[in-house]
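4 protein chains.
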Amino acid sequence: MPNSKKTTTERPAPERRGELLATAAEVFAAQGYNATTVRRIAEEAGLLAGSLYYHFDSKESMLDEILSAFLDELWAGYDAVLAAGLGPRETLEALVTESFREIDRHRPAVAIYQKESPHLAGRPRFGYLAESQRRFEEAWLGTIERGAAEGAFRADLDARLTYRFLRDTVWVAASWYRPGGQHAPEEIARQYLSMVLDGIAVRE
Amino acid sequence: MPNSKKTTTERPAPERRGELLATAAEVFAAQGYNATTVRRIAEEAGLLAGSLYYHFDSKESMLDEILSAFLDELWAGYDAVLAAGLGPRETLEALVTESFREIDRHRPAVAIYQKESPHLAGRPRFGYLAESQRRFEEAWLGTIERGAAEGAFRADLDARLTYRFLRDTVWVAASWYRPGGQHAPEEIARQYLSMVLDGIAVRE
Amino acid sequence: MPNSKKTTTERPAPERRGELLATAAEVFAAQGYNATTVRRIAEEAGLLAGSLYYHFDSKESMLDEILSAFLDELWAGYDAVLAAGLGPRETLEALVTESFREIDRHRPAVAIYQKESPHLAGRPRFGYLAESQRRFEEAWLGTIERGAAEGAFRADLDARLTYRFLRDTVWVAASWYRPGGQHAPEEIARQYLSMVLDGIAVRE
Amino acid sequence: MPNSKKTTTERPAPERRGELLATAAEVFAAQGYNATTVRRIAEEAGLLAGSLYYHFDSKESMLDEILSAFLDELWAGYDAVLAAGLGPRETLEALVTESFREIDRHRPAVAIYQKESPHLAGRPRFGYLAESQRRFEEAWLGTIERGAAEGAFRADLDARLTYRFLRDTVWVAASWYRPGGQHAPEEIARQYLSMVLDGIAVRE
DNA sequence: TATGAATGAGAATTCATTCAT
DNA sequence: GATGAATGAATTCTCATTCAT
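In order, the protein sequences belong to chains G, E, S and L.
Residue numbering for the first sequence follows UniProt numbering, starting at 1 and increasing by one per position.
Residue numbering for the second sequence follows UniProt numbering, starting at 1 and increasing by one per position.
Residue numbering for the third sequence follows UniProt numbering, starting at 1 and increasing by one per position.
Residue numbering for the fourth sequence follows UniProt numbering, starting at 1 and increasing by one per position.
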């Protein structure tokens, strides 16, 4: 009977993995996946490069775990929003707010996703990235089009252009957002929505 | 004008250099600087890896030339706009339009700049990136603040947040923009400005 | 027009590959494929480990080339024998003689084949090993069975046992045979055939 | 009896050792000593890699025990045959039969011995392999030469060639023999001897 | 101008082994 | 007796770069 997790007291140590992944994510985000050496991650975590391979199969599998954990959580949030049956404007507001919350919680993962996802999506192992992107587009673009049809959003704008505009500006925030800074994610979301919905020009 | 070296070496046919740089930029943009091998560039250009070193000192110097050529041209455009003495709204419109024109002309360079500039800015050779960023912020943030003060832009928004929002909005487009597509850069600029200035929500 | 092989004088250097492969084969045969380091091969060939990768994709691809070159030649010889329409005894004699000739020419490759083929045959890249073994069995076992049916060979022996007996003892010779020794391959084949066909006991 | 160490350490349940050694031998035989990881052995035995080191000093010491146990038993059998004062033909028959019995009992050890002994014989720890080989040659070659001198075996054959032929014939069988198959070791020995002594050709 | 061959400094990864618990 | 975590040395492989031709 190996692997019979001790009842209460012991730390069985899936936490070690978690710590190491957090460290790896931080370094990947800061330097880029390719430019990050396994040695550097190990150094940062306080062990030797080879020792990482006790916990993970490869550098790539660390990346994989980081990204998929992030996407799992992201979609949990998005799905809740999409299932709530809100109107287009409220849906958009909720999606944006949820996104900034994810950036707050998974900043390194989001940054990695932004930078690496394009040249990763091809590899079979990361097929879920493309899949996620597809669902993402479906959710956002759908909301935008519904809003335009129902009169909540302007109908004179190219929907795809609007989609890219929203998508990019939300997620790029991960590159400068620092958790624990002066703005909580909800506050950033609020201001962002204010700009996006009403524009930055003064209304005459 | 950074790194205008070439003190001793004889300069070869300058068109060949240009072709090679264009090829390199394309590959850097597609795969990332680090992930791009010199061999790959050479292959794409139809020669062997070693032969590139007749034309360039190093892989890094190719990157350098690509980025500085782009920034030189960008600033030529920006400086003309800034010197024209326009109001804040017109300045903003001109900066955005000019930016989309640069994306149109230097798409690979812009994409590289977006992806690599953060971890390049540290190295002395690329000091001009940080310098450029400083001037960039000065120009945009200044325009925004001036606009808020003069009543052209809303005063209830955090200026830095607005700045980042605009900056990202514009430049991230390089990641999906394809020259020769259905929208000319001026048309994209127009729609972007429409969204940014007036918002996407229908006014009641 | 790159790759236009110079007309006569130059050594275009596919020979370099050949030399390196011969060296590699020698070392693989002496120490076993797994126990052989790329460094060791390079050392023996007078260059650095990394330099081998200019000529070959991987250690495995060297093994691949060595084995497939050997098998190609082996089957050229076997096919000639099998196409000659000889009787079973003459066919067997010719196959054995041809085998010893191949051992003479490709001793290291044969030794490697003996030692590594079992755990290699599984991998897709080395699928031709299994295929070769199948044809091999077909040729030898067929000859033995034909001989037993036509009265050239004893019919009281288990054909598969006889096949293994012949197969193994011929090829194991690669482990002790030294080309340039006192026995030419044809002489070894002759004595070997004498033992196998007539036995080592004195006839009463 | 080489390497009977174990001066200080307490010895654990000897049956456990035996089981583990049998497992190790099986894996070594299947994949080769070098290609076998300690982890793999442990896995097969149902424990973790580190735990093997409670039972054995090192991977090499497992190999050592496997090989020396086999050789001890082999020589017990051979010595009995050689001490029996038989004629050359009967001695040869008895040696062959004894050899097939050992293959039947120690198949993995024999396979390992075949594959690894050449490049092991150099290391001091495995000096007994060379010693065993020497005695082996002495016994077999001596019997062959005696048989040729006394008229039991053909005198026109090269004795060393005959020796290698017999030696290989017998031991290579370990590579395909499966205990519990259709042929008992004595039956295989009988057929092998029949081929070797009388040949496979039909006598005219 | 370009090629072919090589260098050498890392890179990721593997694995026998150790050891506190 | 066994586990989990780590070590550290070695291994395969990559790649920017050099240089004689």
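Where a beta carbon is used, it is the ideal one built from N, C-alpha and C, also for glycine.
Owing to the predicted nature of the structure, the values given are computational and were not obtained by experimental measurement.
>> So, under 8 Å CB-CB, E:Y163 and E:L141 are touching, yes? Tell me the CB distance rounded to an integer number of Å.
In response: Walking along the second sequence from the start, residue 163 of chain E turns up at place 163. Walking along the second sequence from the start, residue 141 of chain E turns up at place 141. Between E:Y163 and E:L141 the beta-carbon gap is near 5 Å, inside 8 Å, which marks them as a contact.
> Taking 8 Å as the CB-CB limit, is E:K115 close to chain G?
Replying inline: Residue 115 of chain E sits at position 115 when you count from the first residue of the second sequence. Yes, because at least one Cβ of chain G sits closer than 8 Å to the Cβ of E:K115.
> What is the DSSP secondary structure of L:A201, counted as helix, strand or coil?
Replying inline: For the purposes of this step, residue 201 of chain L is identified with residue 201 of the fourth sequence, where counting begins at 1. Three-state result, L:A201: strand.
> Taking contact to mean at least 3 C-beta pairs separated by less than 8 Å, is the stretch 182 to 192 of chain E in contact with the stretch 100 to 111 of chain E?
Replying inline: Verdict: yes, contact present.
> Beta-carbon separation of L:A139 and L:L48 under 8 Å?
Replying inline: As a first step, residue 139 of chain L must be located in the fourth sequence, where it is residue number 139. As a first step, residue 48 of chain L must be located in the fourth sequence, where it is residue number 48. With contacts defined by Cβ atoms closer than 8 Å, L:A139 and L:L48 do not form a contacting pair.
> Which residues mark the beginning and the end of the alpha helix (DSSP H) in which G:S68 is found?
Replying inline: By one-based count along the first sequence, residue 68 of chain G stands at place 68. Start and end: K59 to A83.
>> Within 8 Å, do at least three Cβ pairs link the stretch 63 to 73 of chain G to the stretch 102 to 112 of chain G?
In response: Counting Cβ pairs under 8 Å, three or more are found: they touch.
> When you compare each of L:M62, L:A84, L:H55 and L:K115 to S:A35 by their alpha carbons, which one comes out closest?
Replying inline: Reading the third sequence from its first residue, position 35 is the one you call residue 35 of chain S. Residue nearest to S:A35 within the set L:M62, L:A84, L:H55 and L:K115 is L:K115 (criterion: CA-CA distance).
> Which whole-angstrom value describes the C-beta separation of S:G151 and L:V202, a residue pair presumed to lie in contact below a C-beta threshold of 8 Å?
Replying inline: In the third sequence, counting from the first residue as 1, residue 151 of chain S sits at position 151. In the fourth sequence, counting from the first residue as 1, residue 202 of chain L sits at position 202. With a Cβ gap of about 6 Å, S:G151 and L:V202 count as contacting.
> Whose CA, out of E:M195, E:G18, E:A22 and E:W75, lies closest to the CA of E:R134?
Replying inline: Your numbering for residue 134 of chain E matches position 134 in the second sequence. Comparing Cα positions, the closest option is E:W75.
>> Distance check for G:L166 and E:M195, CA to CA, integer angstroms please.
In response: What you label residue 195 of chain E is simply residue 195 of the second sequence in a count that begins at 1. What you label residue 166 of chain G is simply residue 166 of the first sequence in a count that begins at 1. Those two C-alpha atoms are separated by around 10 Å.
>> Which residues of the stretch 158 to 186 of chain S have a Cβ closer than 7 Å to any Cβ of chain L? Give them in chain order.
In response: Taking 7 Å as the Cβ-Cβ cut-off against chain L, the residues of the stretch 158 to 186 of chain S that qualify are D158, L161, T162, R164, F165, D168, T169, V172 and W176.
>> Suppose you measure from the CA of E:A130 to the CA of S:I112; what does that come to, to the nearest Å?
In response: For the purposes of this step, residue 130 of chain E is taken as residue 130 along the second sequence, with counting starting at 1. For the purposes of this step, residue 112 of chain S is taken as residue 112 along the third sequence, with counting starting at 1. Cα to Cα, E:A130 sits roughly 59 Å from S:I112.
> What residues in its chain sit with their C-beta under 7 Å from that of S:I41, if we drop five residues either side in the sequence?
Replying inline: Position 41 of the third sequence, counted from the first residue, corresponds to residue 41 of chain S. Setting aside the 5 residues that flank it on each side, S:I41 is surrounded in the same chain by T23, A24, V27 and L52, each with a C-beta closer than 7 Å to its C-beta; the list follows chain order.
> Is the Cβ of S:G122 closer than 8 Å to any Cβ of chain L?
Replying inline: Here the question's residue 122 of chain S lines up with position 122 in the third sequence. Chain L contact via Cβ: absent.
>> List, in chain order, every chain G residue whose beta-carbon is nearer than 7 Å to that of E:A94.
In response: The residue you call residue 94 of chain E lines up with position 94 of the second sequence. Correct list: empty, because the minimum Cβ distance to chain G is about 15 Å.
>> So, for L:T143: in the same chain, excluding its five sequence neighbours on each side, which residues have a beta-carbon less than 6 Å away from its beta-carbon?
In response: Residue 143 of chain L sits at position 143 when you count from the first residue of the fourth sequence. Take L:T143, set aside five residues on each side of it, and the residues of its chain with a beta-carbon closer than 6 Å to its own are P88, T91 and L92, in chain order.
> How would you list, in chain order, the residues of chain E whose beta-carbon sits under 9 Å from the beta-carbon of G:R101?
Replying inline: Indexing the first sequence from 1 puts residue 101 of chain G at position 101. Per Cβ cutoff of 9 Å: no residues; G:R101 is ~17 Å from chain E at best.
> Would you call L:W176 buried or exposed, if buried means 16 or more other Cβ atoms sit within 10 Å of its Cβ?
Replying inline: Here the question's residue 176 of chain L lines up with position 176 in the fourth sequence. Classification of L:W176: exposed, given that the 10 Å Cβ count is below 16.
> Where does G:F28 sit, in a helix, a strand or coil, going by DSSP?
Replying inline: Counting from 1 along the first sequence, the entry for residue 28 of chain G is found at position 28. The DSSP-derived three-state label of G:F28 is helix.
> For G:R146, which residues from the same chain have a beta carbon less than 6 Å from its beta carbon, with the 5 sequence-adjacent residues on both sides left out?
Replying inline: On the first sequence, position 146 is the one that residue 146 of chain G refers to. Once the five neighbours on either side are set aside, the close Cβ partners of G:R146 are P88.
> Using a beta-carbon distance below 8 Å, is L:V202 in contact with chain S?
Replying inline: Residue numbering aside, residue 202 of chain L sits at position 202 when the fourth sequence is read from its first letter. The beta carbon of L:V202 falls within 8 Å of a beta carbon belonging to chain S, placing the residue at that interface.
>> Assuming G:G180 is part of the alpha helix (DSSP H), what are its boundary residues?
In response: Along the first sequence, one-based indexing puts residue 180 of chain G at 180. Per DSSP, G:G180 belongs to no alpha helix (DSSP H) and is neither H nor E.
>> Report the CB separation of E:W171 from E:V110 in whole angstroms; it is logged as a contact under 8 Å.
In response: In the second sequence, the residue the question calls residue 171 of chain E occupies position 171. In the second sequence, the residue the question calls residue 110 of chain E occupies position 110. The distance from the Cβ of E:W171 to that of E:V110 is about 7 Å, consistent with a contact at the 8 Å cut-off.
> Could one say the Cβ of G:F126 lies closer than 8 Å to chain E's Cβ atoms, at least one of them?
Replying inline: Here residue 126 of chain G corresponds to residue number 126 of the first sequence, with the count starting at 1. So no, G:F126 is outside the interface.
> What does S:M195 touch in chain L if you count any residue whose Cβ is under 7 Å from its own?
Replying inline: As a first step, residue 195 of chain S must be located in the third sequence, where it is residue number 195. Ordered by position in chain L, the residues that pass the 7 Å Cβ test against S:M195 are L157, T162 and F165.
> Rounded to a whole number of angstroms, what is the C-alpha to C-alpha distance between L:S117 and S:A173?
Replying inline: As a working note, residue 117 of chain L is residue 117 in the fourth sequence. As a working note, residue 173 of chain S is residue 173 in the third sequence. When rounded, the distance between both Cα atoms is 16 Å.
> Where does the unbroken alpha helix (DSSP H) through L:V172 begin, and where does it stop?
Replying inline: On the fourth sequence, residue 172 of chain L is found 172 positions in, with the first residue counted as 1. From DSSP, L:V172 is part of no alpha helix (DSSP H); its letter is neither H nor E.
>> Taking 8 Å as the threshold (beta carbon to beta carbon), is S:D198 in contact with chain L?
In response: For the purposes of this step, residue 198 of chain S is identified with residue 198 of the third sequence, where counting begins at 1. Yes, because at least one Cβ of chain L sits closer than 8 Å to the Cβ of S:D198.
> At what residues does the alpha helix (DSSP H) containing G:H119 begin and finish?
Replying inline: Counted from its first residue, the first sequence places residue 119 of chain G at position 119. The continuous alpha helix (DSSP H) containing G:H119 extends over residues R107 to L120.
>> Could you tell me the alpha carbon to alpha carbon distance between S:R160 and S:E137, rounded to whole angstroms?
In response: The residue you call residue 160 of chain S lines up with position 160 of the third sequence. The residue you call residue 137 of chain S lines up with position 137 of the third sequence. Take the alpha-carbon of S:R160 and the one of S:E137: they are about 9 Å apart.
>> Suppose the cutoff is 8 Å on Cβ atoms and the five residues either side in sequence are ignored; what does the same chain contact list for G:R125 look like?
In response: Here residue 125 of chain G corresponds to residue number 125 of the first sequence, with the count starting at 1. Residues of the same chain with a CB within less than 8 Å of the CB of G:R125, apart from the 5 flanking positions on each side, are E60 and D64 in chain order.
> Which residues in the same chain have their Cβ closer than 6 Å to the Cβ of S:A121, if we skip the five residues on either side of it in sequence?
Replying inline: As a working note, residue 121 of chain S is residue 121 in the third sequence. Counting only residues of its own chain and dropping the five nearest sequence neighbours on each side, S:A121 has a CB closer than 6 Å to the CB of L129 and A130.
> Who are the neighbours of G:A35 on chain E, taking C-beta pairs under 8 Å?
Replying inline: Position 35 of the first sequence holds residue 35 of chain G. For G:A35, the chain E residues whose C-beta falls within less than 8 Å of its own C-beta are N34 and H119, listed in chain order.
>> If you reduce the DSSP assignment to three classes, tell me which class E:F153 lands in.
In response: Here residue 153 of chain E corresponds to residue number 153 of the second sequence, with the count starting at 1. Strand.
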